[in-house]
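Participant: Chains as they are written, first to last, in the working numbering: chain A, 2 to 790; chain B, 2 to 790.
Beta carbons: idealized from backbone N, C-alpha and C, even for Gly.
There are 2 protein chains.
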Amino acid sequence: MPVSRIPLTADELERMNAWWRAANYLSVGQIYLRDNPLLKTPLSRSDIKPRLLGHWGTTPGLNFIYVHMNRAIRQHDLNMIFIAGPGHGGPAVVANTWLEGSYSELYPEVTADEEGMRRLFRQFSVPGGVPSHASPHTPGSIHEGGELGYALFHAYGAVFDNRYLIACCVVGDGEAETGPLATAWHSNKFLNPQTDGAVLPILHLNGYKIANPTILARISHDELESLFIGYGYQPIFVEGEDPETMHCLMAAAVDTAVADIQSIQRKAREGDVLTRPRWPLIILRSPKGWTGPQKVDGKKSEGSWRSHQVPLAAMDRPEHVQLLADWMASYRPSELFDDAGWLRPGIAALAPVGERRMGANPHANGGALLRDLRLPDFRDYAVDVPTPGGSAAEATRTLGAFLRDVMRHNPDNFRVFGPDETASNRLDALFDATNRSWMAERLDDDDHLAPDGRVMEMLSEHACQGWLEGYLLSGRHGLFSCYEAFIHIVDSMFNQHAKWLKMCDEIPWRRPIASLNILLTSHVWRQDHNGFSHQDPGFIDHVVNKKADVIRVYLPPDANTLLCVADRCLQSRNLVNVIVAGKQPEWQWLAMDAAVKHAEVGIGRWEWACNDRPGEADVVLASAGDVPTLEMLAAIDLLHQLAPELKIRYVNVVDLMTLQPQEEHPHGLSDAEFNTLFTADKPIIFAYHGYPWLIHRLTYRRANPNLHVRGYTEEGTTTTPFDMVVLNNLDRFHLVIDVAKRVPQLQAKAARIKQAMYDRLKRHTRHILEHGEDMPEIQGWQWPGRSPE
Amino acid sequence: MPVSRIPLTADELERMNAWWRAANYLSVGQIYLRDNPLLKTPLSRSDIKPRLLGHWGTTPGLNFIYVHMNRAIRQHDLNMIFIAGPGHGGPAVVANTWLEGSYSELYPEVTADEEGMRRLFRQFSVPGGVPSHASPHTPGSIHEGGELGYALFHAYGAVFDNRYLIACCVVGDGEAETGPLATAWHSNKFLNPQTDGAVLPILHLNGYKIANPTILARISHDELESLFIGYGYQPIFVEGEDPETMHCLMAAAVDTAVADIQSIQRKAREGDVLTRPRWPLIILRSPKGWTGPQKVDGKKSEGSWRSHQVPLAAMDRPEHVQLLADWMASYRPSELFDDAGWLRPGIAALAPVGERRMGANPHANGGALLRDLRLPDFRDYAVDVPTPGGSAAEATRTLGAFLRDVMRHNPDNFRVFGPDETASNRLDALFDATNRSWMAERLDDDDHLAPDGRVMEMLSEHACQGWLEGYLLSGRHGLFSCYEAFIHIVDSMFNQHAKWLKMCDEIPWRRPIASLNILLTSHVWRQDHNGFSHQDPGFIDHVVNKKADVIRVYLPPDANTLLCVADRCLQSRNLVNVIVAGKQPEWQWLAMDAAVKHAEVGIGRWEWACNDRPGEADVVLASAGDVPTLEMLAAIDLLHQLAPELKIRYVNVVDLMTLQPQEEHPHGLSDAEFNTLFTADKPIIFAYHGYPWLIHRLTYRRANPNLHVRGYTEEGTTTTPFDMVVLNNLDRFHLVIDVAKRVPQLQAKAARIKQAMYDRLKRHTRHILEHGEDMPEIQGWQWPGRSPE
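This is how it looks when you write it as structure tokens:
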């Protein structure tokens with residue numbers, strides 16, 4: 002029984018199928034050919050690449066979806082971007098953008114004719130050529146198709162605050178097995194149909210991963226439908242393999258989905274009542290390697306895991322060459338391209354026009370749309386610091402007030418993300434300006450939940466990171482605040498984003514986007530009730546392995562410095578900025594003017610804590626991070642009492658990258674500057690926020706070998722703030738002992754000083770055992786404010 | 002209308018509720034009290050801890066579930082462990098295990114009387130005391146409740162191959178929002194009712210996280226039911242707040258679930274046909290902070306996010322002290338405990354007996370059940386290496402044959418895990434011994450899928466890591482093979498497991514478990530078709546930040562060394578072993594005897610590549626990793642030709658931890674040993690598999706400052722194997738240039754040597770651009786096999 006062609010006319014169906022054949026032809030060509038692109042002569046071994054490195058399996062499905070999105074864009078005048086979740090989907094997007102013309106506009110050497118087609122084929126998967134996954138090089142892409150798991154987050158991130166945008170997001174059934182993707186479906190609880198755009202997810206069940214079937218392809222139709230209804234979607238199924246039937250089913254499904262989206266948005270935008278809608282979702286079940294060889298060497302290929310990669314690989318065998326020739330001929334290239342290699346006009350007319358083409362949509366080249374943030378003057382939020390250590394404040398609470406006004410001044414292109422921790426991290430001033438985003442059910446007693454909230458909280462670091470990436474890549478601004486230990490959950494997402502940025506720096510048409518700002522708080526030193534599981538300062542170590550051009554790490558020692566750093570980060574472009582700052586009340590060191598100067602240089606002497614002038618320092622004491630700075634200053638206070646004759650220089654590090662050599666990082670100090678600050682030979686005792694080895698790794702090329710670093714050595718439990726530093730030998734008493742051990746000028750006194758310190762440590766241990774809290778001398782310590790002699 | 006008490010008798014209901022009250026009482030006591038545990042005198046400020054650090058919100062729900070599991074264990078003679086997913090669930094498990102007696106058996110100082118209760122209260126969340134999260138210290142726990150996301154994976158991992166075991170796994174609705182947990186529900190597609198045990202998941206909807214509602218508590222009942230039917234479960238709802246009603250509903254739900262589990266298992270074990278069953282799941286909706294204060298300071302507490310932490314915090318206010326006294330009195334402690342603090346016998350009788358108590362179940366102290374693997378002699382799988390470089394092999398394929406026989410010899414306590422990559426990683430010999438585990442639909446053309454398969458493949462690194470952790474923690478063995486770059490997906494899971502192992506080393510009753518073995522293959526240097534997104538060797542950097550006692554890193558240079566290392570890892574206990582080994586055909590260097598010796602020491606000279614004897618070396622060349630070793634040996638070959646007079650020492654590093662000082666790592670070389678090998682002052686050129694800075698970080702304390710390291714510097718794309726090393730300056734030509742630059746003895750020739758090498762590099766670039774593959778001199782290079790002069 003013939004399926005009704007509705008909604009396609011015979012001509013439309015014919016031309017759409019021709020486009021699909023053309024895209025499939027170009028995909029096969031990219032994988033296999035280095036010459037003879039139009040098969041004008043019989044295919045020979047020498048036309049075929051020596052190394053076959055492509056993946057065919059997912060490609061025809063992506064091509065099928067692309068042509069249907071093109072039709073929908075034209076039919077319904079949609080503003081749409083395309084996100085190719087499946088791995089190795091690169092050739093499909095490249096093929097379609099070449100067909101629609103956007104590719105040749107960005108890469109003029111790849112012309113829209115036979116010679117261009119030859120180049121298109123040749124450049125794929127050859128050394129330094131076009132990657133197999135969708136990547137920054139791919140027109141219209143905001144999503145690297147390599148790692149899998151984040152496509153849907155990127156899609157939702159892109160449409161937040163883009164009310165007229167639709168992100169068509171293809172999710173492979175392999176990717177659908179990952180954790181991040183499995184929870185990403187819940188993003189629909191955070192999408193506001195009044196002010197946000199829409200995501201059209203297309204779950205593509207081609208049934209197989211590399212060697213295995215996929216879970217979602219092997220559960221019953223009822224279970225699958227139930228799952229997505231449970232996720233809050235209305236699934237529309239398109240299942241089969243006959244191209245003509247499938248085109249008609251798909252066109253009808255897309256029309257339904259678009260109508261549903263438009264109806265949801267109209268109701269929300271015109272009506273009074275805003276409830277969470279049931280958004281449409283298309284489930285496309287089609288054969289893996291669709292239209293590829295049915296059998297290869299007697300084994301099933303199309304519709305099997307065997308078509309995942311290169312279905313025909315043995316090109317030294319003439320029968321495989323013949324199979325390839327037959328396969329390519331099956332698309333009837335002469336009907337698709339004229340003799341000069343141009344796509345025939347009737348087919349080309351299917352493409353949308355100008356920026357409506359998905360390869361040319363500016364939302365997928367976010368920097369092109371980026372507007373600078375309107376930033377209030379961060380100095381207006383300064384904490385009053387009459388003298389160093391003369392007042393106390395919570396750094397993140399101070400930042401919160403600044404962020405509140407950033408939010409107020411940028412009501413449509415700035416969001417803050419965090420896993421249920423914005424208030425816990427003391428950024429709650431934000432809730433004076435906005436709410437938490439929430440489209441699920443609300444109750445009277447809820448705290449600052451609203452559909453138009455601009456603080457995005459879901460208990461998933463993957464969601465926070467993924468949404469923010471999508472939001473930035475489409476040209477907006479944001480900040481992710483996270484418990485320090487649990488940022489490791491997104492280590493791998495960070496990798497991919499850092500790699501994306503590094504590649505973008507090499508692609509002229511990619512315009513710079515706002516930096517990814519990560520605020521790490523609730524940090525390792527203040528996990529009094531969470532204990533060991535919440536202690537890990539190693540994200541910094543992870544970050545500094547990436548290209549210096551794209552990463553920055555800041556450890557502001559107090560609230561005013563944090564404000565300076567945050568302001569700088571929010572203005573920056575194409576970076577990942579990591580800021581580590583505590584949320585607990587701490588002594589404040591720098592008045593705003595001093596903080597501005599200090600943050601600008603990123604490293605420097607704090608004169609009021611030095612007594613090495615005139616003359617030479619006997620020892621250089623340094624610190625990076627708020628808690629290490631507190632302990633180092635307390636140690637200096639003790640040293641002033643115990644050995645007033647000792648000439649101490651104190652150096653504070655805000656910008657960790659200053660420690661690296663200038664050749665390694667743009668912020669690195671020159672060797673001369675480094676030696677001026679740290680001396681070439683005096684002992685340096687360095688108190689560092691994180692794992693101490695990192696400081697050695699950053700400074701191993703520096704001249705002064707006399708560096709001793711204290712930091713977190715993976716000792717911790719549920720305990721008091723001071724006991725935590727004691728457990729890791731980072732406390733003031735151990736630091737004084739370190740000085741006594743290493744500074745020759747103290748030799749005569751060293752034994753006495755050490756003994757005094759060990760006595761204090763014993764007293765500490767006794768005290769916390771007896772009282773469950775830190776000694777009064779610790780809790781009550783304050784910088785004496787003495788000036789240097 | 003009174004709810005039928007069925008299945009509980011009035012007496013049973015009364016006693017179960019009493020147990021629950023007792024557990025709640027003990028939980029509140031842990032959070033608040035340091036004295037007066039039985040409230041024998043009116044509560045005063047001095048009875049209350051100075052710092053209140055607990056979390057009440059999740060606790061009463063966990064207590065409720067625990068007593069119902071106790072009843073089910075007794076009623077149905079179940080062998081059950083308890084996994085507390087929710088964060089800060091520690092006090093609940095501690096309270097219940099104290100009530101059942103298992104706590105005092107492991108911690109005899111915490112007696113089952115008033116004095117013990119005082120200790121129980123005092124020790125909680127004080128410095129160095131009992132953590133707030135379930136942890137290794139918690140009897141019956143295999144799951145740290147800190148990070149969230151992995152509870153269900155651990156539960157499934159524990160019941161694989163434990164056909165009589167049930168893991169009751171409480172999943173908090175906060176945790177349920179994480180990605181890993183969202184896909185963990187699909188674990189039911191891998192559970193074989195014939196040979197595995199069962200998981201009884203209890204989704205605990207208490208509605209709130211820290212400050213937010215939870216997604217699953219704010220979707221409709223129908224959606225929620227649909228979601229879990231879609232996940233393949235049969236949800237049983239228990240919803241309400243009246244304790245009596247809830248006890249009856251819960252008891253009935255648990256009886257239904259247990260009956261379903263038993264019926265599923267009976268059918269599968271007696272019948273012929275094995276299809277995927279619909280396993281039961283309980284959805285418990287109860288108020289957050291259930292039975293806590295209804296209102297505090299006029300604001301709703303019970304049933305609100307405000308009860309997440311400490312509902313009454315202002316203990317300097319007498320009315321809060323009174324509220325606490327009233328709250329604790331509401332449990333009527335005198336009905337629960339006698340004057341001496343002993344639990345009254347009628348209530349105590351509810352506990353299961355001996356090892357049936359969940360705090361004493363040996364499956365939760367896996368080392369107690371651990372059997373050594375029956376290992377074939379790894380030497381039998383040796384690759385023939387007639388002379389160094391005299392044969393080629395794929396290292397992981399060689400390992401695969403060994404693993405195949407490990408699998409055969411250990412058919413019930415060894416599994417291999419990987420995200421769809423076992424075959425791609427060339428371990429497919431395993432499929433001669435077993436299949437891939439698969440309980441979803443199977444088709445004729447599937448490749449090695451079976452319900453009783455012992456290779457666990459799901460496209461989720463979280464699943465692989467989480468299942469394996471559960472499998473190990475319950476006393477079995479395994480190996481996880483993973484693409485090197487994507488192991489970062491589980492960075493944070495690794496952190497938690499490493500922390501768990503570190504803590505276990507300090508807990509005498511925790512018996513050693515099998516090590517977590519991670520094989521990283523498809524590594525950074527061989528991503529010819531995947532490109533930049535698949536290149537990240539930084540997991541090693543991440544690993545070495547954890548305690549030296551629990552981590553090991555091996556970089557075997559060839560197949561025979563890999564066999565030695567794998568054998569050692571499979572025999573080890575309480576470690577995380579990371580092995581990096583390629584899967585591509587490579588030259589082989591060591592015959593088995595030599596490999597055994599080399600792997601045992603972990604580092605050493607390869608005499609056949611040295612010509613420094615007699616006398617002194619002019620330069621030390623070293624490498625770690627298969628590709629760097631190939632390049633370094635090729636560089637040595639070039640140097641022998643270009644400068645035969647140069648005295649070269651070559652050192653190969655298998656065990657990366659040998660580079661650290663002895664004081665830092667148990668495998669570390671002494672300084673004397675290090676200097677003997679590397680000299681104290683000669684130039685060292687080190688070719689390393691990963692980020693080069695790591696070698697500096699490991700060796701910064703060593704005497705020889707003259708160390709120059711090459712490694713991956715985050716340069717890569719889709720390209721040839723040799724071009725990849727060239728992009729990162731790790732190739733033979735750059736290594737020769739490094740030698741020429743740094744070795745004084747070569748000064749006269751240096752310019753000429755460098756020029757020759759730069760010419761070769763230019764030729765390389767031209768060649769790959771023209772031919773798309775590496776030069777014949779690279780592809781055909783072979784170690785000349787010359788002996789040292």
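1. Measuring straight from C-alpha to C-alpha, what distance separates A644(A) and L747(A)?
2. If contacts are defined as beta-carbon pairs under 8 Å, then Q310(A) and W510(A) qualify, I think. What distance do you get, rounded to the angstrom?
3. At which residues does the beta strand (DSSP E) containing A688(B) begin and terminate?
4. Take H543(B) as the anchor and find which of M494(B), D568(B), W607(B) has the nearest alpha-carbon.
5. Between C170(B) and the rest of its own chain, which residues show a CB-CB distance below 6 Å, the 5 nearest in sequence each way excluded?
6. If distances are taken between C-alpha atoms only, which option among L695(A), F533(A), G532(A) comes closest to V554(A)?
7. Between A749(B) and A560(B), is the Cβ-Cβ spacing less than 7 Å?
8. State the CB to CB distance for the pair H89(B) and H134(B), rounded to an integer number of angstroms; the pair is presumed to be in contact (CB under 8 Å).
9. For H410(A), is the classification buried or exposed, using 16 other Cβ atoms within 10 angstroms of its Cβ as the cut-off for buried?
10. I think H709(A) touches F723(A), with their Cβ atoms under 8 Å apart; what is that distance to the nearest whole Å?
11. Between V95(A) and chain B, is there a C-beta pair that is closer than 7 Å?
12. According to DSSP, is A625(A) helix, strand or coil?
13. For a test of your reading of the model: does the CB of K503(B) fall under 6 Å from any non-hydrogen atom of the ligand SAM? Yes or no.
14. Around the Cβ of I82(A), are there at least 16 other Cβ atoms within 10 angstroms (buried) or fewer (exposed)?
15. Going by the DSSP bridge assignment, what does Y67(A) pair with across the sheet?
16. So A402(B) and A430(B) are in contact, right, with Cβ under 8 Å, and what is the actual spacing, rounded?
17. How many Å lie between L480(A) and M776(A) at the Cα?
18. Which value, in whole angstroms, describes the spacing of the CA atoms of L770(B) and T60(A)?
19. Determine whether the beta carbon atoms of V524(B) and G467(B) lie at a separation below 7 Å.
20. Mind checking whether G550(B) and G603(B) have CB atoms under 7 Å apart?
21. Let me see if you follow: with CB-CB separation under 7 Å, is T179(B) close to chain E or not?
22. Using a C-beta cutoff of 7 Å, does F161(A) count as contacting chain B?
23. Indicate whether R711(A) and H697(B) have their beta-carbon atoms separated by less than 7 Å.
24. Look up C611(A) in the DSSP assignment and say whether it is helix, strand or coil.
25. What does Y33(B) reach in chain A if we use C-beta pairs closer than 9 Å?
26. For S392(A), report the span of its beta strand (DSSP E) as first-last.
27. Given this structure, state the Cα-to-Cα distance separating R270(A) from P194(A), to the nearest angstrom.
28. In chain B, which residues lie with their C-beta within 9 Å of the C-beta of Y157(A)?
29. State the beta-bridge partners of A515(A) as determined by DSSP.
30. For F161(A), which option in S438(A), M247(A), E178(A) has the closest C-alpha, if you only look at C-alpha atoms?
31. According to DSSP, is A330(A) helix, strand or coil?
32. Using 8 Å as the cut-off, can you tell me whether the stretch 725-735 of chain A makes contact with the stretch 754-765 of chain A, which would need three or more C-beta pairs spanning the two stretches below that distance?
33. Suppose only complete runs of 4+ residues qualify. What are the alpha helix (DSSP H) ranges in the stretch 221-284 of chain B, listed by chain order?
Facilitator: Judging by the given coordinates:
1. As a first step, residue 644(A) is located in the first sequence; it is residue number 643 there, counting from the start. As a first step, residue 747(A) is located in the first sequence; it is residue number 746 there, counting from the start. Each residue's alpha carbon lies about 8 Å from the other.
2. Locating residue 310(A) in the first sequence gives position 309, counting from the first residue. Locating residue 510(A) in the first sequence gives position 509, counting from the first residue. Incorrect: roughly 31 Å between the Cβ atoms, too far for contact.
3. Counting from one through the second sequence, the residue named residue 688(B) turns up at place 687. 685-689 is the extent of the beta strand (DSSP E) around A688(B).
4. As a first step, residue 543(B) must be located in the second sequence, where it is residue number 542. Looking at the Cα atoms, M494(B) is the closest of the given residues.
5. On the second sequence, position 169 is the one that residue 170(B) refers to. So the qualifying residues of the chain are I84, A152, L153, A156, V200, P202.
6. The residue given as residue 554(A) occupies position 553 in the first sequence. The candidate whose alpha carbon is nearest that of V554(A) is L695(A).
7. Within the second sequence, residue 749(B) is the residue found at index 748, counting from 1. Within the second sequence, residue 560(B) is the residue found at index 559, counting from 1. Not a contact, by the Cβ cut-off of 7 Å.
8. For the purposes of this step, residue 89(B) is taken as residue 88 along the second sequence, with counting starting at 1. For the purposes of this step, residue 134(B) is taken as residue 133 along the second sequence, with counting starting at 1. Yes, they are in contact, since the Cβ atoms of H89(B) and H134(B) sit about 6 Å apart, within 8 Å.
9. Within the first sequence, the letter at position 409 stands for residue 410(A). By the 10 Å Cβ count, H410(A) comes out exposed.
10. Position 708 of the first sequence, counted from the start, is the residue given in the question as residue 709(A). Position 722 of the first sequence, counted from the start, is the residue given in the question as residue 723(A). Wrong, their Cβ atoms sit about 21 Å apart, outside the cutoff.
11. Here residue 95(A) is taken as the residue at index 94 of the first sequence, counted from 1. No, V95(A) does not count as interfacial toward chain B.
12. Position 624 of the first sequence holds residue 625(A). Of the three classes helix, strand and coil, the one that applies to A625(A) here is strand, per DSSP.
13. With respect to small molecules bound, the structure shown includes none, and the ligand SAM cannot be examined in it.
14. The count along the first sequence starts at 1 and reaches residue 82(A) at position 81. Looking at its Cβ environment, which holds 16 or more other Cβ atoms inside 10 Å, I82(A) is buried.
15. Mapped onto the first sequence, residue 67(A) falls at position 66. Answer is none; Y67(A) lacks a bridge partner.
16. For this step, residue 402(B) is matched to residue 401 along the second sequence. For this step, residue 430(B) is matched to residue 429 along the second sequence. Indeed they touch by this definition, with Cβ atoms about 5 Å apart.
17. As a first step, residue 480(A) is located in the first sequence; it is residue number 479 there, counting from the start. As a first step, residue 776(A) is located in the first sequence; it is residue number 775 there, counting from the start. Distance between the alpha carbons of L480(A) and M776(A): 37 Å.
18. Taking the first residue of the second sequence as position 1, residue 770(B) is located at position 769. Taking the first residue of the first sequence as position 1, residue 60(A) is located at position 59. Their Cα atoms are separated by approximately 27 Å.
19. In the second sequence, the residue the question calls residue 524(B) occupies position 523. In the second sequence, the residue the question calls residue 467(B) occupies position 466. According to the sequence displayed, residue 524(B) carries His and not Val. Going by C-beta atoms, H524(B) is not nearer than 7 Å to G467(B).
20. By 1-based counting over the second sequence, the position of residue 550(B) is 549. By 1-based counting over the second sequence, the position of residue 603(B) is 602. Residue 550(B) is actually Asp in this sequence, not Gly. No, they are not a contact pair.
21. No chain E appears in the structure shown, which is made up of the protein chains A and B.
22. For the purposes of this step, residue 161(A) is identified with residue 160 of the first sequence, where counting begins at 1. No, F161(A) does not count as interfacial toward chain B.
23. If you number the first sequence from 1, residue 711(A) lands on position 710. If you number the second sequence from 1, residue 697(B) lands on position 696. In this structure, H697(B) does not lie closer than 7 Å to R711(A) by Cβ.
24. For the purposes of this step, residue 611(A) is taken as the residue at position 610 of the first sequence. DSSP places C611(A) in coil when its eight states are reduced to three.
25. For the purposes of this step, residue 33(B) is taken as residue 32 along the second sequence, with counting starting at 1. Simply none; closest approach about 13 Å.
26. Taking the first sequence and counting its residues from 1, the one referred to as residue 392(A) is at position 391. Its beta strand (DSSP E) spans residues 392-395.
27. As a position in the first sequence, residue 270(A) is number 269, starting the count at 1. As a position in the first sequence, residue 194(A) is number 193, starting the count at 1. R270(A) and P194(A): Cα-Cα distance of roughly 7 Å.
28. Locating residue 157(A) in the first sequence gives position 156, where the first residue counts as 1. Under the 9 Å cutoff, chain B gives no residues; its nearest Cβ is about 14 Å from Y157(A).
29. Sequence index remark: in the first sequence, residue 515(A) carries index 514 (1-based). BP columns for A515(A) point to R574(A).
30. The residue labelled residue 161(A) in the question sits at position 160 within the first sequence. Checking every option, the nearest Cα to that of F161(A) belongs to S438(A).
31. Along the first sequence, read from residue 1 onward, the residue named residue 330(A) stands at position 329. Correct three-state label for A330(A): helix.
32. yes
33. 222-231, 244-271
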